[in-house]
Each structure stands twice: as structure tokens, then as C-alpha cells.
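Engineer: In case it helps, this note's numbering puts the sequence shown at residues 10 to 317. For each residue, glycine too, the CB sits at the ideal point set by N, CA and C. Here it is: the structure, laid out below.
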Amino acid sequence: MPRPSRPASPLRHPARAAQPEAPANAVPGEKLHKMLAAAGLGSRRDMEELIASGRLTINGKPAQVGDRVTSTDTVRLDGRPVRLPWKAQMPRVMIYHKQEGEIVSKDDPQGRPSVFNRLPRLKGARWISVGRLDFNTEGLMVFTTSGELANRLAHPRYEVEREYAVRVLGELTREQMDALVHGVELEDGLANVETIAPASADTDSVNRWYHLVIREGRNREVRRIFEALGLTVSRLIRVRFGPIPMPPKLKRGMQMELSEAEVTKLLEWAELKVPRGTGRARSGGKVGDPGHGTKPYRRRMADSKPER
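Here's what the structure looks like:
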């Protein structure tokens with residue numbers, strides 16, 4: 010299958026949530042769930058659930074959600090010490106071309122192939138998936154050792170773009186494209202695509218490729234939006250996540266680690282603090298302009314400035 014060309018899509022920084030001013034009597038230390046996420050144990054949300062499970066202690070006492078820690082505190086998980094990164098370290102970022110028939114989970118009762126089995130093992134940290142793809146969807150997956158970066162890319166409030174190539178039976182009408190961008194009602198609320206454009210000029214095939222952008226990551230969202238209009242998606246490929254496009258040379262089942270320079274650019278795009286350290290990854294992917302192509306059908310004009 011020829012690789013569909015991607016439409017132009019202005020790159021925007023993730024929306025920034027309002028930050029309250031620090032009170033004069035600010036409590037010292039950092040939130041425990043934030044430090045655990047920075048240590049690469051999982052996302053902030055995962056760490057809050059871990060704390061609530063009762064498996065963590067601070068100086069021998071059970072940890073509670075909302076607790077703060079300092080560099081002098083001893084944190085243990087299941088009785089084992091947890092090394093918290095008080096000195097900032099450069100996170101690692103891996104991109105992977107997920108294949109159909111793989112799950113984005115470390116545990117599966119059915120024993121199906123997992124994307125995590127394709128990633129290199131880490132010592133003292135773990136890979137955190139930035140969002141998910143369902144069992145029958147292929148394309149770009151992003152993994153990182155930084156829970157903070159994973160949260161900034163995947164949390165719905167930041168509205169980070171996800172771009173997909175989608176194949177459907179027949180050509181979409183103007184009315185259907187209008188419905189897609191203005192929103193259709195799903196069981197979990199209104200959903201819409203940000204932009205959509207034909208990805209191929211091939212008029213001989215009954216199947217047509219389109220490229221679309223969404224800003225959410227709800228379960229099977231793209232497929233469900235099309236199903237709500239009576240359309241069947243026969244193939245779905247994620248080709249970009251935020252500022253990270255899937256390189257053409259990244260074939261199915263292949264992985265590629267971003268270099269320190271590329272991770273730095275990604276952190277700056279996400280408006281996160283950039284640690285200064287020694288990179289260990291080779292140059293591979295490309296963080297930046299998602300590319301140009303057919304002019305997309307838009308719900309509204311995108312602002313190239315960061316949202317506040």
C-alpha cells in the first residue's frame with residue numbers, strides 16, 4: 010500500500026492549565042505521586058492509584074494521596090527503597106510502529122502479543138505508554154520514562170493532536186465530512202475530528218483513504234465516530250502524535266529511540282523543564298513539522314500560538 014500523504018496541520022503547543030499562585034506558607038517538598046512519575050514508575054494518575062493501594066511507605070508510615078516528600082525522606086514500595094530523582098535527568102523517548110494484533114498492556118489473560126515485549130528492558134525505570142491504540146489499529150506509539158512528559162502529551166486537558174490515516178468503503182460526502190468536524194453524539198458524549206482531508210486521488214478503488222486529526226484519546230474514538238454515521242473503517246493507522254510524526258523508515262514492528270537533541274525539542278514543545286545531561290540514544294525520529302499535503306477540511310482555523 011502506498012503511504013498516504015499527510016495534510017498540512019498547524020502545530021500547536023498543548024493547552025496549559027491555569028497555575029494557581031503559590032501561597033506564602035507553601036509546604037516544602039514535592040508531591041509524592043509527581044516524584045514517583047518522574048522516577049519512571051508510571052503516569053501521575055497511575056501513581057495516585059499506587060499510593061491509594063497502600064503499597065508505599067514514607068519513613069515507615071503508610072503513604073497517603075497528597076503526601077509530600079523531601080530528599081531526606083525514605084520511600085519504599087512493597088518494602089523496597091524507591092530512588093526518587095531529586096536531580097533532574099533527561100528522560101528517554103521511544104517510538105514504535107505498532108502492528109495490528111498487538112495489545113498496549115503488560116498483562117493479558119489471553120496471552121496476546123504485547124507492544125511492551127518489543128521494547129528494550131530498563132534498569133531502575135520503566136516504559137510508560139503515551140496513550141493507547143486498540144487491538145486492530147496500527148501505527149505510531151510513543152513511550153517515555155517520564156511520567157510528567159507522558160501526562161503532558163496524553164491528558165485530555167492539553168488537547169494534543171493525534172493524526173490518523175483511515176480507510177473507509179466509498180467516498181465521503183460533503184455532509185458526512187461536515188458531520189465529522191462538527192461532532193456526532195456517542196454514548197460517552199459529543200465527539201468530532203479537528204480536520205479531515207482526502208489522502209489519495211485514486212478514484213479506481215472502492216476504498217478511500219483520508220487523513221484526520223483528533224485532540225482526544227477516548228477508547229476506539231475514530232472508529233466509533235465513523236460508525237455513528239453508518240461508515241465502516243477497514244483500516245486505521247496513527248501517523249502522528251503531537252509534534253512526533255511516524256518516520257517512513259519505521260516499518261511495522263520496528264522501534265526507534267529519540268536522541269537527546271530530539272527529546273530536548275520535545276520537552277521544549279511541551280513547555281517542560283529541560284534537564285542537562287548526557288544523551289544515550291541515537292538520532293532516529295523527527296520532532297517538529299508534521300508535514301504538508303492536501304488542504305484539510307476544518308471545523309475552525311487553528312491558531313499556531315500556544316493555548317493558555
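Assuming the contact rule is C-beta atoms closer than 8 Å, residue 86 and residue 64 should be a hit. Round their C-beta distance to whole Å, please.
Structural biologist: 6 Å
Engineer: Could you check which residue in 57, 182, 88 and 95 has the C-alpha nearest to that of residue 39?
Structural biologist: 95
Engineer: Please identify the residue among 67, 250, 102 and 238 whose C-alpha is closest to the C-alpha of residue 177.
Structural biologist: Looking from the CA of residue 177, the closest CA among 67, 250, 102 and 238 belongs to 238.
Engineer: Under a Cβ-count criterion, where at least 16 other Cβ atoms within 10 Å of its own Cβ denotes burial, should residue 191 be classed as buried or exposed?
Structural biologist: exposed
Engineer: Taking residue 175 and residue 189 to be in contact with their CB atoms under 8 Å, please state how far apart those CB atoms are, rounded to whole angstroms.
Structural biologist: About 10 Å separates the two Cβ atoms, so there is no contact after all.
Engineer: Can you tell me whether DSSP reads residue 124 as helix, strand or coil?
Structural biologist: helix
Engineer: First and last residue of the alpha helix (DSSP H) that includes residue 278?
Structural biologist: Counting along the chain, the alpha helix (DSSP H) containing residue 278 begins and ends at 269 to 278.
Engineer: Just the Cα atoms here: how many angstroms apart are residue 48 and residue 92?
Structural biologist: 7 Å
Engineer: Are there 16 or more other CB atoms within 10 angstroms of the CB of residue 272, so buried, or fewer, so exposed?
Structural biologist: buried
Engineer: How is residue 198 classed by DSSP in three states: helix, strand or coil?
Structural biologist: strand
Engineer: Pull up the DSSP beta-bridge partners for residue 226, would you.
Structural biologist: For residue 226, which the question treats as bridged, DSSP gives no partner whatsoever.
Engineer: Run through DSSP, which three-state label would residue 266 get?
Structural biologist: The three-state reading of DSSP puts residue 266 in strand, counting E and B together.
Engineer: So, helix, strand or coil for residue 189, using DSSP?
Structural biologist: helix
Engineer: Using 8 Å as the threshold, is the C-beta distance between residue 262 and residue 73 below it?
Structural biologist: no
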